[in-house]
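Throughout, the working numbering is defined as the position within the sequence shown, counted from one, plus 33.
Let me begin by presenting the structure, written as structure tokens, before commenting on it.
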Amino acid sequence: MQKTPQSILKTIFGYDEFRPLQKEIIENVLQKNDTLVIMPTGGGKSLCYQIPALIFDGLTIVISPLISLMKDQVEQLVELGVDAAFLNSSLSPQEYQRTVDKVKNKSLKLLYMAPEGLLTDKILTLLSTQKIDCLTIDEAHCISEWGHDFRPEYRQLAKIRKKFPHAVCIALTATATPRVQKDIQVNLEFDVSNEFIASFNRENLFLEITPKNNPAMQTLELLRKYPDQSGIVYCLTRNQVDELAAFLAAHDFSVKPYHAGLADDDRKTNQELFIKDDVQIIVATIAFGMGINKPNVRFVVHYDLPKNIESYYQQIGRAGRDGLRSHCLLLFGYGDLQKIRYFIDKMENEKERRIAYIHLDALVGLAETQICRRIPMLNYFGENYHEQNCGMCDNCVRGKKEMVDITVAAQKFLSCIKRTEELFGANHIIDVLRGSENKKVLDFGHHHLSTYGIGKEYSKQQWLHLARQFITNGLLKKDVQYGSLKLTEKATAVLFQNEKVMGMVEEEKPAFSRIRDIDLDYDRPLFDLLRKKRKEIADRQNLPPYIIFSDKSLMEMAAFFPQSRRSLLDMHGVGVTKINRYGTAFLDIICKYCAEHHIKEKQKSGQADIQTMHKPVKGKRHIEIGEAFAKTQSIFELSTQFGIKQSTIVAHLLQYVLEGHNIPAGDMLALSSLTPVEQKTVLATFDRLGTKYLKPVYEELGETIGYEKLHLLRVYYLSQGRKTDGQN
Ligand code: ADP
Ligand code: ZN
34 MQKTPQSILK
44 TIFGYDEFRP
54 LQKEIIENVL
64 QKNDTLVIMP
74 TGGGKSLCYQ
84 IPALIFDGLT
94 IVISPLISLM
104 KDQVEQLVEL
114 GVDAAFLNSS
124 LSPQEYQRTV
134 DKVKNKSLKL
144 LYMAPEGLLT
154 DKILTLLSTQ
164 KIDCLTIDEA
174 HCISEWGHDF
184 RPEYRQLAKI
194 RKKFPHAVCI
204 ALTATATPRV
214 QKDIQVNLEF
224 DVSNEFIASF
234 NRENLFLEIT
244 PKNNPAMQTL
254 ELLRKYPDQS
264 GIVYCLTRNQ
274 VDELAAFLAA
284 HDFSVKPYHA
294 GLADDDRKTN
304 QELFIKDDVQ
314 IIVATIAFGM
324 GINKPNVRFV
334 VHYDLPKNIE
344 SYYQQIGRAG
354 RDGLRSHCLL
364 LFGYGDLQKI
374 RYFIDKMENE
384 KERRIAYIHL
394 DALVGLAETQ
404 ICRRIPMLNY
414 FGENYHEQNC
424 GMCDNCVRGK
434 KEMVDITVAA
444 QKFLSCIKRT
454 EELFGANHII
464 DVLRGSENKK
474 VLDFGHHHLS
484 TYGIGKEYSK
494 QQWLHLARQF
504 ITNGLLKKDV
514 QYGSLKLTEK
524 ATAVLFQNEK
534 VMGMVEEEKP
544 AFSRIRDIDL
554 DYDRPLFDLL
564 RKKRKEIADR
574 QNLPPYIIFS
584 DKSLMEMAAF
594 FPQSRRSLLD
604 MHGVGVTKIN
614 RYGTAFLDII
624 CKYCAEHHIK
634 EKQKSGQADI
644 QTMHKPVKGK
654 RHIEIGEAFA
664 KTQSIFELST
674 QFGIKQSTIV
684 AHLLQYVLEG
694 HNIPAGDMLA
704 LSSLTPVEQK
714 TVLATFDRLG
724 TKYLKPVYEE
734 LGETIGYEKL
744 HLLRVYYLSQ
754 GRKTDGQN
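What follows is the structure, encoded as structure tokens:
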């Protein structure tokens, strides 16, 4: 099989699709253009050089500043069946020689080294006999004196690079400051056009900032929400770390402290225990975190205030590298703020003091904001965030608590009730206001009313919420017998004397969020069995469990119950090497569990579904159904009338419109229960990708809109004659 980035992604890494920018970056590197990659932690930088390394004939050298990072990367690659190794001072002379031999006989694809290692004559001589296709500079901010960890040896990489004229150079960092980016680019003499900057929005991090009232209890409360999960609690001082760790241990949490006051060995042990899932929680000063690659950190608590947004971002960035939902809680105390101010005031240098204040103020702004927390945070990194509601911060999920003027909405609603003679319930009124084309609206001729379609600014959900308030405010009464809404005297005042109405507008649920599978519904007992197996295998090999399989892989297994090698390969992070090594062990557990509990395997993707749905329907049934639909306009009714599933009705209708018939398809929109914004997005996606296959559309929309809904919208789309089905 030909090696393409896509095929390697699936067969080696076991992933279905690229994360944003990965594909473009990989292609750019494969074309041998020097490339600068700026991507947040967890964004997926490693794949950007690992996939090209597997395609190039020659060797890829990876420069990395920390032994722990190198080790982690190499362990992961070896588990994936990739020929990778590192050369550094932690190796015994024999191990070192073995790796050198591998380089000599060309059996390595990736070689990791610290910069000082690469600079030695011995290594340069060794490498001069080899075909080097790629020089990767990881943590490239170490080049810049403006970065938080400048490494002078990194400065010399530019010179070294000239010794490998055929190697493309890729530099990667998670540092967002433009100053550092510029430094890297100038230093390595990169072309600006080959810069790839990903968004710094970490969508899977739930951000919460709350007043610090009773920090120990507040921390406890959060921890209890995530039993048996890994997390970090950051404190300002060593004393605080020890105290809190003891407090949590007394409450039966599996916890260890970490700070510079501990003996080296203890620090190392505690970190190791955490990485290997032997200990769930680390209470630490900011000394903890560098070089930690643990992907399943589910929460980060800031017990004390961080110094500025940059440190806050860096620390919460250690949560959720695996892309699963992770909780970041900051306890914001004004007392802490005073302490930091006191330290700043003691600074000698006036300019430094001023800068420290600017940074601190930005942090306070973030803590005190009433709007989405992502707006000030990303703004700090020079990025504009436009979503109305991220759905992943306390402010957004809480919604707007304040009362706002909803007089105009009330007037629209009330006058629509009046125009329809107080005979209908809220649902119908909302349909008229939102300009629905459903049968009931058209039958009553309500599409001719002046109030028809004047309320599209709110979703159905929001209108229902408003309607409930109108009733509680005494503007409306509900007819007990028929459920129709009647106006009260108070309503007259609103309609004709412009009396004000105050109330709340429910926040719209975010139209799309790319955070997938976050709340994947998985079988917890099975997950625990799989996790136990993983730990057993990991311990036997002295590896962290996540190197064997990520949590997400196990969650998918416990959600889809794959019972053959073929289906196991469909799971996240399961590639060919892993299946050969561990497939049997995990399949045994799943099969046994499923047999005991009479559970059947579930299809992971909607592919089977699509195929049956898009197969031409034989016979004339679809004509019969299409014609019947034109009369009743209700899929539900047809389903009972014909005694077939609603999804089959939709398949018939699809066939019917594909043959050029028209149907009044407004019902599809209503049935899909998508918001107008979502509908528009889906239709626009059909415009771009065509309607022949739904899978690409499903994926393009971040797998957020189910196939059932897409089927409905496709019929609607085609019935509107927007495009024919011939594409794709
Ligand atoms: P970074 O170096 O940017 O912090 P990593 O390269 O370590 O991030 O990737 C973070 C996690 O995301 C890793 O567990 C990695 O395997 C996973 N990952 C990377 N790319 C993808 C992808 N396309 N699909 C699914 N998971 C991915
Ligand atoms: Zn938000």
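C-beta: ideal position from N, C-alpha, C; glycine also.
Considering only heavy atoms of the ligand ZN, does any lie closer than 7 Å to the CB of residue i?
i	result
Asn121	no
Cys780	Outside the shown range of the chain, which is 34 to 761, sits residue 780, and nothing can be said about it.
Cys449	no
Met425	yes
Asn66	no
Cys429	yes
Asn422	yes
Go ahead and pull the three-state DSSP assignment for residue i.
i	result
Ile325	coil
Phe307	helix
Thr37	coil
Asp758	Because the pLDDT at Asp758 is just 42, under 50, the model does not fix this residue reliably, and the point stays unresolved.
Ser359	strand
Gly659	helix
Tyr291	strand
Val316	strand
Thr68	strand
Phe51	coil
Pro697	coil
Ile450	helix
Ile487	coil
Met535	strand
Asp438	strand
Tyr726	coil
Ser79	helix
Arg184	coil
Tell me whether residue i, by its Cβ, gets closer than 7 Å to a heavy atom of the ligand ADP.
i	result
Met380	no
Tyr346	no
Leu576	no
Leu80	yes
Leu714	According to the sequence provided, residue 714 is Thr. The question's Leu does not apply to it. No, the ligand ADP has no heavy atom inside 7 Å of this Cβ.
Gln130	no
Thr74	yes
Gly536	no
Which term fits residue i, buried or exposed, when burial requires 16 or more other beta carbons within 10 angstroms of its beta carbon?
i	result
Ile391	exposed
Ala293	exposed
Gln636	exposed
Asn272	exposed
Lys585	buried
Ile176	buried
Gly424	buried
Ile404	exposed
Phe376	exposed
Ala249	exposed
Lys648	Confidence at Lys648 is low in this model, with a pLDDT of 37, below 50, so the placement of that residue is unreliable and no value is reported for it.
Glu108	buried
Lys742	buried
Pro198	exposed
Arg331	buried
Thr270	exposed
Of the residues the options, which one's Cα is nearest the Cα of residue i?
i	options	result
Val95	Thr208, Asp572 and Cys202	Cys202
His173	Asn422, Gln214 and Asn121	Note on identity: in this sequence residue 173 is Ala, with His being the wrong assignment. Nearest C-alpha to Ala173: Gln214.
Asp224	Lys65, Ile308 and Asp105	Lys65
Lys445	Phe119, Val534, His655 and Arg431	Val534
Ala111	Ser125, Phe457, Leu141 and Ser232	Here residue 111 turns out to be Val, not Ala, going by the sequence shown. With distances taken between Cα atoms, Val111 lies closest to Leu141.
Cys361	Leu238, Gln39 and Leu509	Leu238
Pro697	Glu711, Ile668, Ser672 and Gln712	Ile668
Gly606	Arg386, Leu338, Tyr48 and Ala395	Tyr48
Ile738	Arg387, Leu716, Ser752 and Ala526	Leu716
Tyr579	Ala86, Lys327 and Arg194	Lys327
Hey, does residue i have any beta-carbon neighbour from chain B nearer than 8 Å?
i	result
Glu343	Judged by its chain identifiers, the structure shown contains no chain B, having just a single protein chain.
Which complete alpha helix (DSSP H) runs does the stretch 389 to 429 hold, if anything under 4 residues is left out?
407 to 413
Entirely enclosed alpha helix (DSSP H) segments - the stretch 189 to 238, minimum 4 residues:
190 to 194 and 211 to 220
Quick check on the DSSP output: what are the complete alpha helix (DSSP H) runs of length 4 or more inside the stretch 565 to 640, in order along the chain?
578 to 581, 584 to 593, 598 to 602 and 609 to 630
In chain order, what are the residue ranges of uninterrupted beta strand (DSSP E) at least 3 long that sit wholly in the stretch 97 to 161?
117 to 120 and 143 to 146
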